[in-house]
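**Student:** Position in the sequence shown (from 1) plus 53 gives the number in the numbering used here.
For every residue, glycine included, the Cβ atom is placed at its ideal position computed from N, Cα and C.
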Amino acid sequence: MKTKNQRFAATLALALLLAGCGEKPQSADEHADQDAHGHAEAGEKITHFGDKTELFLEFPPLVAGQPSTFVAHFTWLTGFKPVTQGKLSLLLSGGGAPDERFTVDAPAVPGIFKPEISPQATGERELTLILDSGQDRLTHKLGPVTVFPDAQAAAAHGHEGHEEAEGIPFSKEQQWKIDFAVTEAVRGRVRSAVAATGSIRARPDGEAQLAAPAAGVLRASGAFPRIGQAVKKGQVLAVLSPRLGGESDQATLDAAAGKARIALEQARRERERMEDLFKAEAVPERRLIEARASERILQGEAKAAEARAKQLGGDGGGISLRAPIDGVIADVAAGAGAFVAEGAPLLHIADTGHLWLEARVPESELGRLGTPSGAAFVVEGFDRTFEIEPGKNGKLVAVGTVIDTATRTVPVIFEFANPDSALRLGLTAKVQIFAGGGQEAVLVPASAVQDESGTQVVYVQTGGESFERRIVQTGPRDGGCIAIAAGVEPGQRVVSKGAYLIRLSTSKAGPSGHAH
54 MKTKNQRFAA
64 TLALALLLAG
74 CGEKPQSADE
84 HADQDAHGHA
94 EAGEKITHFG
104 DKTELFLEFP
114 PLVAGQPSTF
124 VAHFTWLTGF
134 KPVTQGKLSL
144 LLSGGGAPDE
154 RFTVDAPAVP
164 GIFKPEISPQ
174 ATGERELTLI
184 LDSGQDRLTH
194 KLGPVTVFPD
204 AQAAAAHGHE
214 GHEEAEGIPF
224 SKEQQWKIDF
234 AVTEAVRGRV
244 RSAVAATGSI
254 RARPDGEAQL
264 AAPAAGVLRA
274 SGAFPRIGQA
284 VKKGQVLAVL
294 SPRLGGESDQ
304 ATLDAAAGKA
314 RIALEQARRE
324 RERMEDLFKA
334 EAVPERRLIE
344 ARASERILQG
354 EAKAAEARAK
364 QLGGDGGGIS
374 LRAPIDGVIA
384 DVAAGAGAFV
394 AEGAPLLHIA
404 DTGHLWLEAR
414 VPESELGRLG
424 TPSGAAFVVE
434 GFDRTFEIEP
444 GKNGKLVAVG
454 TVIDTATRTV
464 PVIFEFANPD
474 SALRLGLTAK
484 VQIFAGGGQE
494 AVLVPASAVQ
504 DESGTQVVYV
514 QTGGESFERR
524 IVQTGPRDGG
534 CIAIAAGVEP
544 GQRVVSKGAY
554 LIRLSTSKAG
564 PSGHAH
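#1: For R256, which of K445, S146, F469 and I231 has the nearest alpha-carbon?
#2: I think T199 touches E177, with their Cβ atoms under 8 Å apart; what is that distance to the nearest whole Å?
#3: Rounded to whole angstroms, what's the CA-CA distance from K230 to K134? Just pull it up for me.
#4: Between the Cα of P377 and those of A387, G103 and K286, spot the shortest distance and give me the residue it belongs to.
#5: Mapping the DSSP letters down to three states, classify P377 as helix, strand or coil.
#6: On the criterion of 16 or more Cβ atoms from any shown chain inside 10 Å, does A238 qualify as buried, or is it exposed?
#7: Who are the near neighbours of H193 in its chain, counting only those whose CB is closer than 6 Å to its CB and skipping five residues on each side?
#8: Let's test the definition: count the other Cβ atoms within 10 Å of the Cβ of G371 and tell me whether it reaches 16, buried, or not, exposed.
#9: By a C-beta neighbour count over all protein chains shown, 10 Å radius and 16 as the cutoff for buried, is S417 buried or exposed?
#10: I'd like to know whether the C-beta atoms of F123 and P168 end up nearer to each other than 7 Å.
#11: Considering Cα atoms alone, identify which of A267, L419, G420 and G444 is closest to S426.
#12: With distances taken Cα to Cα, identify the nearest neighbour of F487 among I537, R421, A310 and H210.
#13: On the criterion of 16 or more Cβ atoms from any shown chain inside 10 Å, does I456 qualify as buried, or is it exposed?
#14: Beta carbon of T236: closer than 6 Å to some heavy atom of the ligand SAH?
#15: May I ask you to report which of helix, strand or coil DSSP gives F277?
#16: Classify A308: buried if its beta carbon has 16 or more other beta carbons within 10 angstroms, exposed otherwise.
#17: Mapping the DSSP letters down to three states, classify R523 as helix, strand or coil.
#18: What number of angstroms, rounded off, separates the C-alpha of V495 from the C-alpha of G540?
#19: For R322, count neighbouring Cβ atoms within 10 angstroms of its own Cβ and tell me buried if that reaches 16, exposed if not.
#20: Can you round the beta-carbon distance between G259 and D404 to whole angstroms, since I take them to be within the 8 Å contact cut?
#21: Closest to G489 by CA distance: which of A246, E179 and D152 is it?
#22: Please identify the residue among D379, R413 and G139 whose C-alpha is closest to the C-alpha of G251.
#23: Taking L317 and A344 to be in contact with their CB atoms under 8 Å, please state how far apart those CB atoms are, rounded to whole angstroms.
#24: Cα-Cα, which of L130, D384, F112 and Q492 is closest to K105?
#25: Give a yes or no on whether the C-beta atoms belonging to A265 and V393 are separated by under 7 Å.
#26: Starting from the Cα of R546, find the closest Cα among V511, G528, D531 and P529 and give me that residue.
#27: What's the gap between the Cα of G367 and the Cα of L480?
#28: Considering only C-alpha positions, which residue in the set A268, L110, M327 and F435 is nearest to L399?
#29: Identify whether P168 lies in helix, strand or coil by the three-state DSSP scheme.
#30: CB-CB under 6 Å to V452, same chain, minus the five flanking residues each way: which ones, in chain order?
#31: Determine the burial state of G551: buried for a count of at least 16 other Cβ atoms within 10 Å of its Cβ, exposed for fewer.
#32: Helix or strand or just coil, what does DSSP make of K285?
#33: On the three-state DSSP scale, how would you describe G573?
#34: Which residue spans inside the segment 474 to 523 form an unbroken alpha helix (DSSP H) run of at least 4?
#35: Take A276 as the anchor and find which of L180, G388 and S560 has the nearest alpha-carbon.
#36: In the DSSP output, what is T100 paired with across the bridge?
And the structure:
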C-alpha cells in the first residue's frame with residue numbers, strides 16, 4: 054500500500070484552513086506529543102506489511118547532498134505493539150549507481166526509528182529498509198523513489214499534485230496504546246450454518262454426585278476435599294461415621310461403653326470366684342460354665358460398645374467415601390464435622406477434560422440442519438471463537454428427535470476436548486451449527502463488523518495512520534469470520550480490534566470519510 058501527500062503548498066493551505074475553521078490551539082503537552090511522534094516534512098507516506106512487522110514510513114522529497122530525516126514506524130503484527138529495540142538500515146540501490154546505506158542503532162522512541170540520510174546519486178533508486186531486531190532480520194522492499202538534483206526540481210515534482218486519500222486519522226501512538234489489530238480480507242469458503250443457543254455441560258459418564266450413604270458425621274481423610282482439586286477414581290475423599298439410630302449420640306455411646314466395661318469386669322471376677330469354688334468342690338461345674346459364658350457375652354458387648362463410640366467419635370472406622378470417576382471437585386456441599394442426613398449431597402465431581410455442548414435448534418431451522426458437520430460457539434468472557442471439528446477435537450453425539458413443547462427446540466449435542474479446562478460447566482453459548490455446503494465469499498473477522506444504529510460498518514485501513522468507514526452488506530457467519538457481500542475487497546485490511554475507538558475518534562475529528 055503506497056500513498057503520497059501533497060507537498061508544501063498543500064500542507065500550508067490545510068493548516069490555514071484548519072485555523073480558519075476555529076481549530077483549538079495546541080497545549081504544550083500536545084506539542085510535546087507531536088515532537089515525540091516526529092512526523093516528517095510533507096512528502097511521501099508508505100505503508101508496507103512484511104511477514105512479522107508493519108512499516109509506516111514518512112519522509113520528505115530526497116535531494117542529492119542534502120540531509121533528510123526518515124520517520125519509520127515499526128509495529129509487530131503479533132499483538133500490534135511497537136518494536137522497542139533493534140538496528141535499522143536504510144538502503145538505496147539500483148539506478149546504475151553504487152549502493153548507499155544509512156543506519157541507526159536504536160529507535161528514537163519505542164516504535165519509531167529516525168535515520169537521517171544524505172543521498173549522493175540522483176535518479177530513480179530502490180528503497181529498502183532492513184530491521185535487525187536481535188532475533189529476526191526483517192526486510193521491507195518499498196520500490197522506487199526519486200533522488201532529485203536540487204530543491205527546485207523536487208518542488209516542481211511536488212506541484213504536479215497527488216491528492217491524499219480522505220480518511221479518519223488515527224496515529225500509531227494511539228494504536229499502540231490500545232488493544233488494536235488489522236486483518237487482511239481474504240476470499241474463502243463460508244459454510245452454511247444454523248444459529249442456536251446452547252450451554253456447556255458435563256458428559257453423563259463424566260459427572261458424579263457423591264451422596265451420604267447413611268446419616269452420620271462427615272470426617273476428613275487427610276486434607277478435606279476442596280473445589281478445583283483433581284481426584285482419581287477410587288481415591289478416598291472423606292469418611293462418614295454413621296449414626297447408629299435411636300437417641301444414640303456421643304455421650305450416650307461413651308456411657309454405654311463404660312457400663313459395658315464395668316459389667317465385663319464384674320463378670321471376670323465372678324468367673325474367677327467360681328473357678329476357686331469349683332476347685333474346692335463347693336459349687337457344681339454348671340455354675341462355672343455359666344460364669345464363663347456370661348463373661349464371654351459381656352466381653353463381646355463391651356467390644357461392640359467401644360467400637361460404636363470410637364466410630365462416631367472419628368477415632369477410626371466409618372464408611373470411606375471414594376471418587377467414582379477421574380475429575381475435579383466442582384462443589385463441596387458439607388464440611389468436615391458436619392452431621393448429614395442419608396442421601397444428602399456431599400461432593401460434585403466432574404471430568405472437565407471432555408465436555409458436551411448442548412445447542413437448542415428452533416424447529417423453524419430443522420429443514421436446514423441436515424446432518425451437522427461441526428459447530429462453533431462463543432461464550433461471555435472469552436474474546437475468541439471455539440470450534441468443534443468432528444474427527445479432530447470432538448464429535449457429534451446426537452440430534453434430538455422430539456420437539457420440546459415449551460421451547461419448540463430440538464437438542465443437538467457435540468462432545469469436544471477442553472484440554473486446558475478453560476471452559477466451565479454451565480456457561481451459556483451462542484452457537485453456529487454447520488449444516489454442510491457453503492459458498493465463496495470475502496471473509497473478515499466478525500469482530501471487524503460494527504453495528505452503528507442498525508447499519509453494518511467496517512473500518513478499512515487506507516494508510517498507516519488513516520482509515521475509511523465503509524458500510525457493508527454481511528452474509529453468513531462461519532466461526533470467527535463473517536462473509537462480506539459488498540463493501541470490502543480481498544487484500545484490503547480491516548480493523549479487527551479497536552474499531553469502536555476509531556468510530557469514537559470520528560466524533561472529534563470531523564467527517565469520517567465516504568461510506569461505500
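**Tutor:** Taking the structure as given:
#1: F469
#2: Indeed, because the Cβ distance is near 6 Å, the residues count as touching under 8 Å.
#3: 8 Å
#4: K286
#5: It is coil, neither helix nor strand.
#6: buried
#7: Closer than 6 Å at Cβ, skipping near neighbours: H101, G103, L108 and L182.
#8: buried
#9: exposed
#10: yes
#11: It is G444.
#12: R421
#13: exposed
#14: Among the ligands in the structure shown, none appear at all, so the ligand SAH cannot be discussed.
#15: coil
#16: exposed
#17: strand
#18: 10 Å
#19: exposed
#20: 4 Å
#21: If we check each option's Cα against that of G489, A246 comes out closest.
#22: R413
#23: With a Cβ gap of about 13 Å, L317 and A344 do not count as contacting.
#24: Of the listed residues, the one whose Cα sits closest to K105 is L130.
#25: yes
#26: V511
#27: The predicted model places G367 with a pLDDT of 49, which falls under 50 and marks its position as unreliable, so this point remains unresolved.
#28: A268
#29: Looking at P168 - three-state DSSP - the assignment turns out to be coil, as it is neither helix nor strand.
#30: Within the same chain, V452 has close Cβ partners V465.
#31: Buried.
#32: Coil at K285, not helix or strand.
#33: Limits of the chain in this structure are 54 at one end and 569 at the other, which puts residue 573 out of reach.
#34: none
#35: G388
#36: Paired residues: F109.
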